[in-house]
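Novice: Chains as they are written, first to last, in my numbering: chain A, 1 to 498; chain B, 1 to 498. Built from N, CA and C at the ideal position, the CB exists for glycine as well. Questions regarding the structure given below will be posed in turn.
And the structure:
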């Protein structure tokens, strides 16, 4: 590697170390921080965010980047490195340093306010910090620039290159396919026995079983942790340090279990990144859509599949013999796949899930683009819930307050969840072709071949290829909603006898 | 406050936010980090340490400091702020940035190596990282400068202004007084029944009781946490976020209990700092000697006193009714105060404790001053143990490997423990004068008056006064070993009927 390239990587790793230190502070903020430490932590995070930003926009960084870009005969990897370094630098350089600081403070305050409001259900306490966050994010969007709408400039952080223009028809198509399937399901006479999942499942046993499942799918616990948090998430500081969180409801088995499988899917992506690339501009996951494809693939395509429970149900019964007495595989499989309008996105079935995203996407677009105000969100939310699902939340914590995202300033994040759903079906279909007897193996609890295939096709590439390219290389086709629509139609057609 | 002073405080708080972010990463490193994350964390810490150092030695900081120093009519507080900012800046400016980075990497590696060696008892694996740490710390000492010996330059970080010249006679005096008392105790016929403390005490109950005690002495759990770690410690990121750790041995009651009281003593100091000063140069504890005076005061003067157990023994018996059946207050009090040669410093009695410090102090002085080599430490340690205590460790984990300090590069830290012991007796004696019926209150479990007195006399002052001044202001006398010697002579004279 040429000296100029090495210098760029040194500059980059300085920025990246600080970004990861920042992630550690944020993980701690969500899982460990005592209430009394919130204000101080906001300062630590804001200062660290500013300093990381300073490094990325510094003269030294820019000069190292320019010199590396001018080198003749860069390898394909080196080209990807300069491309990604340029992309990050370009965006950061447009945002003034004091705005970075203000956003970080507002995000910590928003998070604390969200947490409190979530507990108390008093929306009024959340309006001020949320308004401030929207105002600042809009300033960021204006600073960064966009062609069509400000929202695009935020979306770009999570899904580089994605735009409203592209997403609108995609989500529209999904919405229609979903509505059609839901109508058919509505006419079906078949209903699962959902009481199976609502018995008393003590916390400690749920967590212990969850850990075993997570290990079985190949998540390495000496390179990670599992903790509790209000809202489940996964964060990686290095392929050797990837942390999942979950939450447990003792009267609702799926929350902890599928939450953990979901986050472990994210975690496998983080653990599967190439350790040799971690301190380079291509050492991170390429996009949140791809990230979510990994979590949804494990949660749904694998974890809500019949083969998976052929292996795990007998084991789950050993932990909860009384609660699951006499429950047959088909009953259990149908219960964990019940399709019905529900309030909570993270616990929604695969069919209605994307409607939850449509709801959020429409609202946050209007919020960022200045068409609606934060104080009106609960009313708008509830009206949309009624329209899309036909139900009305009894309190905001099962409505507009359920997700942590807006409180943390994550606008433009939600649509990546639907992209993840689409990608997951497309990727899984290809895995089924490439791996002979895949579902037979899954039914024996042998999940590592799938993990290793994903590692080879997706994880290890980091940011080498843009998301759409990566999907194309992995699956042989460009990203399309069709595999997902076909998958849900087939699966739920069978379950509901359509 | 004048604009120049405000600018200095802004510069300072940037440095301080980064230092505290660093402490969060270190706390996480010791309590949460999975094994696979160690190498990456070393990088994060090293980069963050370098960036914090850059801020402290930057042209902007120096210029802000100079301007603030030139202001006429600074208040006493402002004078203390510029004094402390100057002291930190002066030291930092002498250490090259690459050395700061190298030290941070070596400390993380040393910590990981210590942890592994502690488990495996193979000293050979620790020699290389320790040698590197000694080499780098010596480079730091040479860069910073010293009048008499390199060790002084390291000591100064933990106990500003302290020197070997001052400590040698002080520790010599303590050693002699200890030896004299030990001879008398050796001739006494009285012996406690130590088996009381060696029964089976389950972990969960020990921790739950420990939490209650910690809360009773006034540690606020909404402004802190308690976690487990290999070596107990306390760290504060803000008066609102102070974290204690402990460890539990189910066959040895005192370790967790007195460990927690000790760390909570540190924690009270951190929680008692003036929140209005936290982001200024006088917002931190003044020295480790003063810090240790707080932990030792609570652990020993209060926690190993008869009045304390008059209140808590009946409560402890409710948790462990079988283990403590028929145990009388005097038996328990004697058992937790048994004086005898022992291997482990943190569990040593008050009398022999300072000999553990003498042992470490002599070895680390010679190590830093270049008179001995890391590979020879186990033999030297064991020879000194034999000489001072008449016993020989069976393995290094109960000998030279027991403490985390050297693995973390903390040379010059140990003697502050003995200073803490001396200060603690002097401070407690004054508290007894100032607070009428103090021990009567303690016997009723009313511990908060003492906490509040300490807060007023010690905690809230931060770095307003140098350590010796602070002790003088709090106690009316300059620091002296006499109160401590008189205290142990009286207490153990009674217990051992001397």
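Please state whether DSSP places residue 142 of chain B in a helix, a strand or coil.
Specialist: Counting from 1 along the second chain, the entry for residue 142 of chain B is found at position 142. It is helical.
Novice: Applying the criterion that 16 or more other CB atoms from any shown protein chain within 10 Å of the CB defines a buried residue, is residue 437 of chain B buried or exposed?
Specialist: Against the second chain, residue 437 of chain B aligns to sequence position 437. Exposed.
Novice: Can you name the start and end residues of the alpha helix (DSSP H) that residue 163 of chain B belongs to?
Specialist: Here residue 163 of chain B is taken as the residue at index 163 of the second chain, counted from 1. Here residue 163 of chain B belongs to no alpha helix (DSSP H), and DSSP marks it neither H nor E.
Novice: Along the alpha helix (DSSP H) that carries residue 61 of chain B, what are the first and last residues, could you check?
Specialist: Taking the second chain and counting its residues from 1, the one referred to as residue 61 of chain B is at position 61. Its alpha helix (DSSP H) spans residues 59 to 70.
Novice: Can you list, in chain order, the residues of its chain whose CB lies under 6 Å from that of residue 477 of chain A, leaving out five sequence neighbours each side?
Specialist: Mapped onto the first chain, residue 477 of chain A falls at position 477. If we look at residue 477 of chain A and ignore the five residues flanking it on each side, it has no Cβ neighbours.
Novice: Terminal residues of the continuous beta strand (DSSP E) containing residue 316 of chain B?
Specialist: Residue mapping note: residue 316 of chain B aligns to position 316 of the second chain, counting from 1. Counting along the chain, residue 316 of chain B falls outside any beta strand (DSSP E), though it belongs to the alpha helix (DSSP H) covering 306 to 319.
Novice: Considering only the beta carbon of each residue, do residue 411 of chain B and residue 137 of chain B sit closer than 7 Å?
Specialist: Numbered from 1 along the second chain, position 411 holds the residue referred to as residue 411 of chain B. Numbered from 1 along the second chain, position 137 holds the residue referred to as residue 137 of chain B. The answer is yes: Cβ separation under 7 Å.
Novice: Keeping to the same chain, check which residues put their C-beta closer than 7 Å to that of residue 210 of chain A; ignore five residues upstream and five downstream.
Specialist: The residue given as residue 210 of chain A occupies position 210 in the first chain. Excluding residues within five positions, the ones whose Cβ falls inside 7 Å are 246, 256, 257 and 260.
Novice: Per DSSP, residue 243 of chain A is paired with what?
Specialist: In the first chain, residue 243 of chain A corresponds to position 243, counting from 1. The partner list for residue 243 of chain A (beta bridge, DSSP) reads A:225 and A:235.
Novice: Do we get a CB-CB distance below 7 Å when we pair residue 121 of chain A with the residues of chain B?
Specialist: Position 121 of the first chain holds residue 121 of chain A. False, the Cβ-Cβ gap to chain B never drops below 7 Å.
Novice: Helix, strand or coil for residue 40 of chain A? Go by DSSP, reduced to three states.
Specialist: Locating residue 40 of chain A in the first chain gives position 40, where the first residue counts as 1. Three-state result, residue 40 of chain A: helix.
Novice: Run down chain B in chain order and give the residues with a C-beta less than 8 Å from the C-beta of residue 43 of chain A.
Specialist: As a working note, residue 43 of chain A is residue 43 in the first chain. Residues of chain B passing the Cβ test: 13, 17 and 279.
Novice: For the region 221 to 235 of chain B, which residues have a CB atom closer than 9 Å to at least one CB atom of chain A, in sequence order?
Specialist: Under the 9 Å Cβ criterion, the region 221 to 235 of chain B contributes 221, 222, 223, 224, 225 and 227.
Novice: Can you list, in chain order, the residues of its chain with a C-beta nearer than 8 Å to that of residue 359 of chain A? Leave out the 5 residues immediately preceding and following it.
Specialist: Taking the first residue of the first chain as position 1, residue 359 of chain A is located at position 359. Contacts found: 381, 384, 385 and 388.
Novice: For residue 400 of chain A, does the three-state DSSP call read helix, strand or coil?
Specialist: Taking the first chain and counting its residues from 1, the one referred to as residue 400 of chain A is at position 400. Of the three classes helix, strand and coil, the one that applies to residue 400 of chain A here is coil, per DSSP.
Novice: What number of angstroms, rounded off, separates the C-alpha of residue 290 of chain A from the C-alpha of residue 483 of chain A?
Specialist: Looking up residue 290 of chain A in the first chain gives position 290. Looking up residue 483 of chain A in the first chain gives position 483. Their backbone Cα atoms lie some 15 Å apart in a straight line.
Novice: Kindly indicate which three-state DSSP category residue 337 of chain B falls into: helix, strand or coil?
Specialist: As a first step, residue 337 of chain B is located in the second chain; it is residue number 337 there, counting from the start. In the structure shown, residue 337 of chain B sits in coil (DSSP, three-state: anything other than H, G, I, E or B).
Novice: So, is residue 200 of chain B buried or exposed, given that buried needs 16 or more other C-beta atoms within 10 angstroms?
Specialist: Along the second chain, read from residue 1 onward, the residue named residue 200 of chain B stands at position 200. Its Cβ having fewer than 16 others within 10 Å, residue 200 of chain B is exposed.
Novice: Show which residues of chain B have a CB atom less than 8 Å away from the CB atom of residue 241 of chain A.
Specialist: As a first step, residue 241 of chain A must be located in the first chain, where it is residue number 241. The answer, in chain order, is 33, 34, 36, 37, 40 and 41.
Novice: Taking the continuous alpha helix (DSSP H) assigned at residue 453 of chain A, which residues delimit it?
Specialist: Taking the first chain and counting its residues from 1, one reaches residue 453 of chain A at position 453. Its alpha helix (DSSP H) spans residues 448 to 457.
Novice: In three-state terms, what does DSSP make of residue 489 of chain A?
Specialist: Within the first chain, numbered from 1, the residue matching residue 489 of chain A stands at position 489. Reduced to three states, the DSSP call for residue 489 of chain A is helix.
Novice: Considering only their Cβ atoms, is the gap separating residue 293 of chain A from residue 423 of chain A smaller than 7 Å?
Specialist: Position 423 of the first chain holds residue 423 of chain A. Position 293 of the first chain holds residue 293 of chain A. Taking 7 Å as the Cβ cut-off, residue 423 of chain A and residue 293 of chain A qualify as a contacting pair.
Novice: Taking only beta-carbon atoms, is residue 469 of chain B less than 7 Å away from chain A?
Specialist: Translated into positions along the second chain, residue 469 of chain B becomes position 469. No, because no Cβ of chain A sits closer than 7 Å to the Cβ of residue 469 of chain B.
Novice: Would you list, in sequence order, the uninterrupted alpha helix (DSSP H) runs of no fewer than 4 residues that lie entirely inside the region 239 to 296 of chain B?
Specialist: Runs of the alpha helix (DSSP H) inside the region 239 to 296 of chain B: 253 to 271 and 288 to 296.
Novice: Is DSSP giving residue 5 of chain A helix, strand or coil here?
Specialist: Within the first chain, numbered from 1, the residue matching residue 5 of chain A stands at position 5. Helix.
Novice: Beta-carbon separation of residue 295 of chain B and residue 266 of chain B under 7 Å?
Specialist: Stepping through the second chain from its first residue, residue 295 of chain B is reached at position 295. Stepping through the second chain from its first residue, residue 266 of chain B is reached at position 266. Yes.
Novice: Measure the C-alpha to C-alpha separation of residue 163 of chain A and residue 146 of chain A and round it to an integer number of angstroms.
Specialist: Stepping through the first chain from its first residue, residue 163 of chain A is reached at position 163. Stepping through the first chain from its first residue, residue 146 of chain A is reached at position 146. Cα to Cα, the separation comes out at about 9 Å.
Novice: Does the Cβ of residue 203 of chain B have 16 or more other Cβ atoms within 10 Å, making it buried, or fewer, making it exposed?
Specialist: Within the second chain, residue 203 of chain B is the residue found at index 203, counting from 1. That one is exposed.
Novice: Would you mind telling me which residues of chain B sit closer than 7 Å to residue 25 of chain A, beta carbon to beta carbon, in chain order?
Specialist: Taking the first chain and counting its residues from 1, the one referred to as residue 25 of chain A is at position 25. Near residue 25 of chain A (Cβ distances below 7 Å), the residues of chain B are 21 and 24.
Novice: Measure how close the beta-carbons of residue 442 of chain B and residue 475 of chain B come, nearest whole angstrom, since I'm counting them as under 8 Å.
Specialist: On the second chain, position 442 is the one that residue 442 of chain B refers to. On the second chain, position 475 is the one that residue 475 of chain B refers to. Going by Cβ atoms, the distance from residue 442 of chain B to residue 475 of chain B rounds to 19 Å, so no, they are not a contact pair.
Novice: Just the C-alpha distance for residue 520 of chain A and residue 197 of chain A, rounded to the nearest angstrom, thanks.
Specialist: Only positions 1 to 498 of chain A appear in the structure, and residue 520 of chain A is not among them; the question remains open.
Novice: Between residue 301 of chain B and chain A, is there a C-beta pair that is closer than 7 Å?
Specialist: Numbered from 1 along the second chain, position 301 holds the residue referred to as residue 301 of chain B. Output row for residue 301 of chain B: interface = no.
Novice: Tell me which residue opens and which closes the alpha helix (DSSP H) that residue 424 of chain B is part of.
Specialist: By 1-based counting over the second chain, the position of residue 424 of chain B is 424. Its alpha helix (DSSP H) spans residues 415 to 434.
Novice: Closer than 9 Å, Cβ to Cβ, to anything on chain B: give me those residues from the region 173 to 184 of chain A, in chain order.
Specialist: Here the close residues number zero.
Novice: Helix, strand or coil for residue 497 of chain B? Go by DSSP, reduced to three states.
Specialist: For the purposes of this step, residue 497 of chain B is taken as the residue at position 497 of the second chain. Of the three classes helix, strand and coil, the one that applies to residue 497 of chain B here is coil, per DSSP.
Novice: Since residue 83 of chain B is in the alpha helix (DSSP H), which residue starts that stretch and which ends it?
Specialist: For this step, residue 83 of chain B is matched to residue 83 along the second chain. Residues 76 to 94.
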